[in-house]
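Just add 630 to wherever you are in the sequence shown, counting from 1, and you've got this note's numbering.
Ideal Cβ placement from N, Cα and C applies to all residues, glycine included.
Notes to accompany the following structure.
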Amino acid sequence: MTDGVWVSLFSGGKDSSWALYRALENGYPVERLVTVHPEGDSYMYHVPATRLAALAAESIGIELVEVEPDDFGADDVPDSGAQGDAELEPLEAALREIDAEVGVGGVTAGAVESEYQTSRIEAMAERLEANLFAPLWQEDPRDLADAMLSAGFEIRIIRVAAYGLDESWLGRTLDADALDELEALNEEYGVHILGEGGEFETLVVDGPHMDRRIELAYSTEWDGTRGTIVVEDAWLE
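As structure tokens, then:
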């Protein structure tokens with residue numbers, strides 16, 4: 631194994647949280663979380679409520695490094711591939727700063743099926759001469775979701791953007807009943823059970839890797855086809 635600390639690419643959502651949790655379970659020395667705050671929609675990153683990652687990091691007890699929208703230089707990129715590459719630059723710069731400070735031995739990532747994300751993260755890890763731990767990669771989505779619930783993850787849905795997902799899903803806990811419904815929606819409309827295609831986004835508010843639960847006060851915004859929770863206050867229990 632490459633020497634150095636491990637860094638978890640972390641949004642506070644279920645997939646990156648599961649990658650972090652599994653890394654800790656496997657004894658990887660994760661000493662930094664890195665959260666990217668995209669401005670507007672992003673091809674590379676989980677967008678909504680990334681500001682809550684700071685609360686999650688406090689509960690987990692691992693130092694958080696935040697990459698801000700001003701760090702992006704991708705205002706006029708011509709296509710999604712170029713945008714993904716441009717969006718990766720500030721993340722890689724942040725990792726290089728960590729590498730200079732303490733040495734980066736490995737990186738965790740929560741990608742499930744996205745070649746777009748994974749190919750870029752793999753290439754970045756190679757440039758950093760770091761290992762990559764992606765425990766969700768190409769695993770069965772329902773098995774992954776069931777494993778998260780069995781481990782004690784409490785997952786809230788914070789944004790929906792897919793046919794079949796209405797306003798009632800905003801703020802809903804992703805439990806076994808919700809997963810059954812998502813499986814039915816997958817068969818009927820092709821909704822990915824883990825929201826890998828951006829159908830929905832999540833926040834892990836509690837789990838075995840967290841000391842304190844995240845509490846939320848929020849309203850909802852709904853435009854008829856998609857919606858998000860608007861967090862008015864958040865705190866650790």
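Under DSSP, the beta-bridge partners assigned to Trp852 are Gly857. Assignment of Trp767 by DSSP, reduced to helix, strand and coil, places it in the coil class. Of the candidates Glu698, Thr858 and Arg842, the residue whose Cα lies closest to the Cα of Leu795 is Thr858.
Annotation for Glu851: Gly857, Thr858 and Val860 place their beta carbon closer than 6 Å to its own, counting only its chain and skipping 5 residues before and after. In this structure, the CA atom of Gly820 is about 38 Å from the CA atom of Glu661. Within the model, the alpha-carbon separation for Glu752 versus Leu762 is close to 7 Å.
Val666 sits buried, since 16 or more C-beta atoms from the chains shown fall within 10 Å of its C-beta. Only residues of its own chain outside the window of five on either side were considered, and among them Arg772 and Ile823 have a CB closer than 8 Å to the CB of Glu813, listed in chain order. Boundaries of the beta strand (DSSP E) harbouring Ile787: Glu784 to Val790, taken from the DSSP string.
Here Ala741 carries a coil assignment [DSSP, helix/strand/coil].
DSSP places Ser689 outside any beta strand (DSSP E); the residue lies instead in the alpha helix (DSSP H), whose first and last residues are Ala683 to Ile690. In this structure, the beta-carbon distance from Glu845 to Glu831 does not fall below 7 Å. Under the three-state reduction of DSSP output, Leu639 falls in the strand class. By the Cβ criterion, the stretch 787-806 is not in contact with the stretch 720-740, since fewer than three pairs of Cβ atoms, one from each stretch, lie closer than 8 Å. DSSP, read as helix, strand or coil, puts Asp807 in helix. Going by DSSP, Asp836 is part of the beta strand (DSSP E) stretching over Phe830 to Asp836.
Between Val834 and the set Val635, Trp636 and Tyr651, the nearest pair of CA atoms involves Tyr651. Contact between Asp645 and Leu766 is confirmed by a C-beta separation of about 6 Å, below the 8 Å threshold.
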